[in-house]
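Enquirer: Before I ask anything, let me first share the structure, which is written out below as structure tokens.
In this note's numbering, the protein residues as written are 18 to 232.
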């Protein structure tokens, strides 16, 4: 390997799983079911944002208060039904995990999603047994862009953040990894291109990220 590191911390949605496109697919219908309408392009602004923020941002766009509990319930029901039909993987996921296996590198998932939900998604896609630890937003005090999920993921791998590589698709995730003092950060943008380019490396795919790491 050309970069010396001892573990890898991975985002989930948008990096390993192609769920962000599913979110955008269901979002307009979910909002219509609650009696509201927004242009489909608006929902791109929710990519990488914690679900708890959705109601606030939608309310700001509509100029009215949104019932967060009702929105979450409708969103989760619709997304769960859609994911039961299958959750697509991002390109290169298995090759990347195979490379980690070959180099005997431990890996954790650090996500702004709820831990149990993340585990269910990984199980649905057959990836759960390939991940050593999962840290969701419910396990820490603050979600991304705070460093908490990355710090906890490194702890569960019995490593310091400075011994880890982080891969994330969103600017929020990059900011979290930077705040955690992760050694190397590779951003692999999905639906939303990077706006601040603060990651150590930008990669168009997991295959390119693997090449950067020399795996």
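Note that the Cβ used here is the ideal one computed from N, Cα and C, for glycine as well.
Mapping DSSP to helix, strand and coil, what is residue 18?
Expert: By one-based count along the chain shown, residue 18 stands at place 1. Its pLDDT being 47, under 50, residue 18 is placed unreliably in this model, and the value from its coordinates should be taken loosely. If DSSP states are grouped into helix, strand and coil, residue 18 belongs with coil.
Enquirer: Do residue 149 and residue 125 have their beta-carbon atoms positioned less than 7 Å apart in this structure?
Expert: As a first step, residue 125 is located in the chain shown; it is residue number 108 there, counting from the start. As a first step, residue 149 is located in the chain shown; it is residue number 132 there, counting from the start. Going by C-beta atoms, residue 125 is nearer than 7 Å to residue 149.
Enquirer: Between the beta-carbon of residue 194 and the beta-carbon of residue 183, is there less than 7 Å?
Expert: As a working note, residue 194 is residue 177 in the chain shown. As a working note, residue 183 is residue 166 in the chain shown. Yes, they are a contact pair.
Enquirer: Residue ranges of each beta strand (DSSP E) run of no fewer than 3 residues wholly in the region 96-176, ordered along the chain?
Expert: 124-127 and 150-152, all fully within the region 96-176.
Enquirer: Run the CB neighbour count on residue 161, radius 10 Å, all protein chains shown included, and call it buried at 16 or more, exposed below.
Expert: One-based indexing of the chain shown puts residue 161 at position 144. The residue is buried, with at least 16 neighbouring Cβ atoms inside 10 Å.
Enquirer: Excluding the 5 residues flanking residue 130 on each side, which residues of the same chain have their C-beta closer than 6 Å to its C-beta?
Expert: Counted from its first residue, the chain shown places residue 130 at position 113. Cβ neighbours of residue 130 beyond the five flanking positions: 153.
Enquirer: Going by DSSP, what residues sit across from residue 217 in a beta bridge?
Expert: If you number the chain shown from 1, residue 217 lands on position 200. Bridge partners of residue 217: none, in fact.
Enquirer: CA-CA distance, residue 72 and residue 85?
Expert: On the chain shown, residue 72 is found 55 positions in, with the first residue counted as 1. On the chain shown, residue 85 is found 68 positions in, with the first residue counted as 1. Between residue 72 and residue 85, the C-alpha separation is close to 5 Å.
Enquirer: Considering only residues of the same chain and omitting the five flanking positions on each side of residue 87, which have a CB-CB separation below 7 Å?
Expert: Along the chain shown, read from residue 1 onward, the residue named residue 87 stands at position 70. Within the same chain, residue 87 has close Cβ partners 51.
Enquirer: Between the C-alpha atoms of residue 175 and residue 56, what's the straight-line distance to the nearest angstrom?
Expert: Counting from 1 along the chain shown, the entry for residue 175 is found at position 158. Counting from 1 along the chain shown, the entry for residue 56 is found at position 39. Spanning the two alpha carbons is a distance of roughly 45 Å.
Enquirer: In this structure, what does DSSP give as the bridge partners for residue 202?
Expert: As a working note, residue 202 is residue 185 in the chain shown. According to DSSP, residue 202 bridges with 183.
Enquirer: By the three-class DSSP mapping on this structure, what secondary structure does residue 76 have?
Expert: Here residue 76 corresponds to residue number 59 of the chain shown, with the count starting at 1. Looking at residue 76 - three-state DSSP - the assignment turns out to be helix.
Enquirer: On the DSSP letters alone, give me the boundaries of the alpha helix (DSSP H) that residue 51 sits inside.
Expert: Residue 51 sits at position 34 when you count from the first residue of the chain shown. Counting along the chain, residue 51 falls outside any alpha helix (DSSP H), and DSSP gives it neither H nor E.
Enquirer: Can you find at least 3 beta carbon pairs, one from the region 26-46 and one from the region 204-220, that sit closer than 8 Å?
Expert: The region 26-46 vs the region 204-220: in contact.
Enquirer: Return the residue from the list 122, 27 and 223 that minimises the CA-CA distance to residue 21.
Expert: Working through the chain shown from its first residue, we reach residue 21 at position 4. Residue 21 has its Cα closest to that of 122, out of 122, 27 and 223.
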